[in-house]
Each structure stands twice: as C-alpha cells, then as structure tokens.
Amino acid sequence: MKPLKEFTIPFVGLKIGKHHFDFEIEQKFFEHFEYEEFNSVNVQVDVVFEKKTTLLELHYKASGFVNINCDLTNEPYNQTIENEFDLVVKFGDEFNDENIDILIVPHGTFEINIQQYIYELIVLAVPIKRVHPGIENGTLHSDILEKLDELSPKLKENKETNEDIDPRWNTLKKLLTDK
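Shown next, in the form of structure tokens:
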C-alpha cells in the first residue's frame, strides 16, 4: 500500500522536544485502506511527537464520530469514538514492529509514516456490537424492530406446557433438589 504523504513526519530536522500534529480524518482516508464499514467519518487525531536524543515518543489521541450501520436494524447512526495510544520509536539494526507499543526502525531513518497507527486507533475505537442509541432508549421505531419483536419466541405460561415435558426430565430435576 502506498503511504499517504500527509501522514509522514520527517523528524530529522526537528529540534529535541515536543511537537504537535493535527489530522482531520475523513472517509477518503478509509477508502485508501479499502475499509468499507463506515458510511462517513469525522475524526480529529492529535499527535504529540516528542523527539529525544535516542528515541521518539508519540502520543495519539482520537476523538470524533463515525457513521455506521446498526447490527440489529441496519439503520445508520453516528458512533462517538474516543481513543488514545502511545508509541515508542527506537533505532536498531533492522525494522521490527512485532511489539504493539514499540517500533524499531533502522539507523539512518529520517521520517516515519503514522497512517497505519491512525487507522488502527480509529477502527479499534468502534465497539464490536454496534447498537443504535434509539434502540437502547426506545425512541427508534423501524419496521425491522417490529418484525424482530413479532418473530421472537414468547414464553407461554400455560400449564399445558408442563404436561408436554418428557417425564425423564422430571427425574433429572429431582437431582437438583436432592443435596
């Protein structure tokens, strides 16, 4: 994948100390990664880049919203996201990104591309189960919700159901009460 130029930080000319970078992430960024889960994106990522004599420290902070579809009703809604991540960049003999929090780049490297870390920061901030807030508070009315309610199994409180139970289960239920 070709790196995006705006997410490459040339640190060789920077002074030792903290530097701030702000990024506006929109849908075009995720199209570059061929990620199609989001309908629209509006996320601000603030990166505090601290250059030290032997290493680099990056602190990522993302906040904003992504428009996604609900898992139950497929209705689009804005999911607020907040996430932070710290990364330490060290210099070594060869490139190594096996550790989550530490990136080792070869000596002589003069720039670092952070687009992959921003991508992962935002994608991992979205909850696994995506439920429209209108479902939780009862304000969302949709045909899909009505159909789900209609097709969900109902508990019968009739005594007829007790008679239809296999008698072997009754014997097993006695084991629960015999202690």
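Sequential numbering of the sequence shown, starting at 463, is according to the working numbering. Think of the CB as a built atom: it goes at the ideal place given N, C-alpha and C, for glycine as much as any other residue. If you're wondering where the values come from, they're calculated on a predicted model, not measured in any experiment.
Residues of the same chain with a CB within less than 7 Å of the CB of N575, apart from the 5 flanking positions on each side, are P465, F469, T470 in chain order.
Taking one beta carbon from each stretch, the stretch 551-571 and the stretch 581-597 have fewer than 3 pairs nearer than 8 Å; the two do not touch. By the Cβ criterion, the stretch 598-616 is not in contact with the stretch 506-516, since fewer than three pairs of Cβ atoms, one from each stretch, lie closer than 8 Å.
Of the other Cβ atoms in all chains shown, 16 or more fall within 10 Å of the Cβ of V505; this residue is therefore buried. Using a 10 angstroms sphere on the CB of G479, the tally of other CB atoms stays under 16, which defines it as exposed. Assigned with DSSP and collapsed to three states, D559 falls in coil, not helix or strand.
In the structure shown, H481 adopts extended strand secondary structure according to DSSP, grouped into three states. For the 9 Å CB-CB criterion, H521 and L549 form a contact. Rounded to whole angstroms, the gap between the alpha carbons of P589 and E556 is 35 Å. Around the beta carbon of Q577, 16 or more other beta carbons sit within 10 angstroms, so the residue counts as buried.
In the DSSP assignment, V585 falls within the alpha helix (DSSP H) that extends over 577-585.
F492 is positioned such that its CB atom lies closer than 9 Å to that of E498.
Only residues of its own chain outside the window of five on either side were considered, and among them V503 have a CB closer than 6 Å to the CB of E488, listed in chain order.
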